[in-house]
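Numbering (numbering that gives the first Met the number 0), first residue to last: 0 to 491. Worksheet: the structure to be examined is printed underneath.
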Amino acid sequence: MKEMKAKKSMPWSNKDGAKVIFVYVINLIILSLIFLAGVAVRANRFDAFKEFLAHPQDFLSFAILVLLSIGFMAVYFLFEDRDFLHSPINSQMLFLIIELALIACFVFQNYVSQFSMPIALVALLTLFLSDTRKSSFVNVIFSFLLLVFSAYLNLAGGSEMFSLNLIYLYLMTFSSGIVATYLMSNVYSRSKLLVRSLVVSIPCVLCVCLSAITTTGMNFVKELIASACSGPLAVAIFIVFLPIFEGLFKKVSCFKFAELTDHNSKLIKKMIEQAPGTFNHAIIVSNIAEACATAIGEDALLARTCAYYHDIGKLRRPEFFKENQSDVNLHDDLTPELSANIIRSHAQDGYNLLIKNRISEKVANVCLEHHGTTPMLFFYDKAKKFTDGEVDINQFCYAGPKPQTKIAAIMMIADSAEAATRTLTDRSAENVTQVVRSIVNDRMKLGQFEECDITLKELNIIIGTTINTLTGVYHSRVEYPKVTLEGIEIQN
Ligand SMILES: [Fe+2]
Ligand SMILES: [Fe+2]
Numbered sequence: 000m001k002e003m004k005a006k007k008s009m010p011w012s013n014k015d016g017a018k019v020i021f022v023y024v025i026n027l028i029i030l031s032l033i034f035l036a037g038v039a040v041r042a043n044r045f046d047a048f049k050e051f052l053a054h055p056q057d058f059l060s061f062a063i064l065v066l067l068s069i070g071f072m073a074v075y076f077l078f079e080d081r082d083f084l085h086s087p088i089n090s091q092m093l094f095l096i097i098e099l100a101l102i103a104c105f106v107f108q109n110y111v112s113q114f115s116m117p118i119a120l121v122a123l124l125t126l127f128l129s130d131t132r133k134s135s136f137v138n139v140i141f142s143f144l145l146l147v148f149s150a151y152l153n154l155a156g157g158s159e160m161f162s163l164n165l166i167y168l169y170l171m172t173f174s175s176g177i178v179a180t181y182l183m184s185n186v187y188s189r190s191k192l193l194v195r196s197l198v199v200s201i202p203c204v205l206c207v208c209l210s211a212i213t214t215t216g217m218n219f220v221k222e223l224i225a226s227a228c229s230g231p232l233a234v235a236i237f238i239v240f241l242p243i244f245e246g247l248f249k250k251v252s253c254f255k256f257a258e259l260t261d262h263n264s265k266l267i268k269k270m271i272e273q274a275p276g277t278f279n280h281a282i283i284v285s286n287i288a289e290a291c292a293t294a295i296g297e298d299a300l301l302a303r304t305c306a307y308y309h310d311i312g313k314l315r316r317p318e319f320f321k322e323n324q325s326d327v328n329l330h331d332d333l334t335p336e337l338s339a340n341i342i343r344s345h346a347q348d349g350y351n352l353l354i355k356n357r358i359s360e361k362v363a364n365v366c367l368e369h370h371g372t373t374p375m376l377f378f379y380d381k382a383k384k385f386t387d388g389e390v391d392i393n394q395f396c397y398a399g400p401k402p403q404t405k406i407a408a409i410m411m412i413a414d415s416a417e418a419a420t421r422t423l424t425d426r427s428a429e430n431v432t433q434v435v436r437s438i439v440n441d442r443m444k445l446g447q448f449e450e451c452d453i454t455l456k457e458l459n460i461i462i463g464t465t466i467n468t469l470t471g472v473y474h475s476r477v478e479y480p481k482v483t484l485e486g487i488e489i490q491n
């Protein structure tokens, strides 16, 4: 196995490129319309609006600057994250975030104060709907766009196009966004977000202090209060709009993941009632997967959610799976081929169920891939006992695909390790270690990790973490002595 496989990019067609260009052109028009609406409000009088529009060179230079900044965004994604750019939905989501933030900033700038603008909104929404890297980059683009919008709106309003205030605006937009990106990246509770939002306001507060030194006639106390509200305001708007964006663009934020792993969520509740054995297995797998994801720097909450739902397909026929059976094994009356078909289908059934319930495509894919193309040796062996001829192993293999991501690879290891450890009569650390190592070795021999970019170093970390978690779950206890209390003999 290679130490590290190069990340594959999705192949592009002319149609894909045309769709992305279409999204960029449409949004250039939308941004221009937002600007014109801003000009209409700022110019106040119809004459002033007409006067601004009478100078098409102003509007043209504005449009060129906007085109340059969004063009830079496209080029960045083309070289840095082609797969993200490949989906027009992703680009549209970023544009909608920027447009929402521009409108919100304009409203607060116009009716309250420049320093109260919810400038961290772009960074927050991009961070929770995408990742830290994109949040930082989109914040840079937004800072520039807000600067351009404000400068041209000053012009339309009849005041100086460039002023010291614009420098403060750029400084605070850029710094608040960066602070929000790095301060909120591991926050999963709304109350913590609100508390930390006060830190996001600090660049705005500093800019008010700077402005007070350089500007005369400024209402310092009012501006100071306004600037302190900037961060909490951004968080409040973010909390309102995040579920809307999640629904519109089928994205899943950490808040949604937390909801999905709640024991009262629809499918989990169904699993607890109809497949309690599978649910208990999923809980232990989730502990292993979360620890492994944290250890190799992957998304722990995503790993946890995937673990909860990886066997959800068993809900279709829970009684055919060992963990939900008591005394009767329904496979005793079936041919090994039929048994293998039933067991194999739980990965596809789970995928279909998760997609149907709009859980998350990432979680559904992990569910489909968690057994890869591994063989069901128990039924293969049973089939061999029933026949004198050769048995086709392919009839007893899972349909795949093999794990495509590190999280799917973690799930494959955690799932098999938990199931195998459960069958051990002696769950000592030595036995657990041996089982986990042989599971990973077997899957490597079967080429199950060939299609994801996991490294040997990461596999070793996952092995160690899985062993630690499993020995923690199945630790041995001292046998309690029998004690007689007031004539009653008790032991536990
Ligand atoms: Fe499974
Ligand atoms: Fe499982």
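No residue lacks a Cβ here, since even glycine has one placed at the ideal position from N, Cα and C.
Closest option to isoleucine 412, judged by alpha-carbon separation, among Val199, Asn459, Phe78, Thr260: Asn459.
Beta-bridge annotation (DSSP): threonine 483 is paired with Glu488.
Neighbourhood of ligand 2, defined by CB distance below 5 Å to any of its heavy atoms: Asp310, Asp414, in chain order. When only Cα atoms are considered, threonine 432 and aspartate 261 end up about 31 Å apart. Closest in C-alpha terms to methionine 443, from the list Thr470, Glu389, Gly371, Lys481, comes Gly371.
Nearest in C-alpha terms to serine 200, of all of Ala257, Met270, Ile118, Ile166, is Ile118.
Counting C-beta pairs with one atom in each stretch, the region 113-133 and the region 92-101 have three or more that are closer than 8 Å, which means they touch.
Excluding its 5 nearest sequence neighbours in each direction, glycine 349 has C-beta neighbours in its own chain below 6 Å: Ile311, Gly312, Cys366, listed in chain order. Note on glutamate 159: under 16 other CB atoms within 10 angstroms of its CB, so exposed under the neighbour-count rule. For the region 361-446, the full-length alpha helix (DSSP H) segments reaching 4 residues or more read 376-385, 405-422, 428-444 along the chain.
Within the chosen limit of 8 Å, ligand 1 does not reach the beta carbon of histidine 330 with any heavy atom. Contact between the region 334-344 and the region 383-399 is present: 3 or more CB-CB pairs across the two stretches fall below 8 Å.
Using a cutoff of 8 Å, the CB of lysine 321 does not count as near ligand 1, since none of the ligand's heavy atoms is closer than that. The closest heavy atom of ligand 1 lies 8 Å or more from the beta carbon of lysine 14.
Contact annotation: phenylalanine 173 and serine 129 have beta-carbon atoms that are not nearer than 9 Å. Shown here for alanine 408: same chain residues with a beta carbon closer than 6 Å to its own, the five before and five after excluded, namely Pro402, Phe448, Cys451, Ile453 in chain order.
Relative to the Cα of aspartate 298, the nearest Cα in the group Val362, Ala150, Glu429 belongs to Val362.
Using a cutoff of 8 Å, the CB of alanine 346 counts as near ligand 1, since one of the ligand's heavy atoms is closer than that. The count of Cβ pairs closer than 8 Å, one atom from the region 371-385 and one from the region 314-325, stays below three, leaving the stretches out of contact. A Cβ-Cβ contact shorter than 9 Å links alanine 302 with alanine 288.
For the pair tyrosine 308 and leucine 484, the Cα-to-Cα distance works out to about 46 Å. Here the distance from the Cβ of lysine 401 to the nearest heavy atom of ligand 1 is not below 8 Å. With fewer than 16 other beta carbons inside 10 angstroms of its own, histidine 54 counts as exposed. Inclusion of lysine 313 in the 8 Å shell around ligand 1 follows from its C-beta lying nearer than that to a non-hydrogen atom of the ligand. By the Cβ rule, the region 185-202 counts as touching the region 219-230, because three or more pairs are nearer than 8 Å. Here DSSP, grouped into helix, strand and coil, assigns tyrosine 187 to coil. When only Cα atoms are considered, valine 147 and arginine 81 end up about 27 Å apart. Look at the beta carbons and you see the region 173-192 touching the region 112-126: at least three pairs across the two are nearer than 8 Å. Taking the C-beta atoms as reference points, alanine 306 is found nearer than 9 Å to methionine 410. Residue Ile462 holds the alpha-carbon nearest to the alpha-carbon of arginine 436 among Ala428, Val22, Arg426, Ile462. Counting only runs of at least 4 residues, the region 226-275 fully encloses the following alpha helix (DSSP H) elements, listed from N- to C-terminal order: 253-259, 265-273. Take the alpha-carbon of alanine 100 and the one of valine 234: they are about 12 Å apart. Scanning its chain for C-beta atoms nearer than 8 Å, with the 5 sequence neighbours on each side dropped, one finds around alanine 62 the residues Leu27, Ser31, in chain order. Of the residues assessed, lysine 405 falls on the buried side of the cut-off, its CB having 16 or more other CB atoms within 10 angstroms. For phenylalanine 114, the closest C-alpha among the options Lys481, Ser188, Leu170, Thr277 is that of Leu170.
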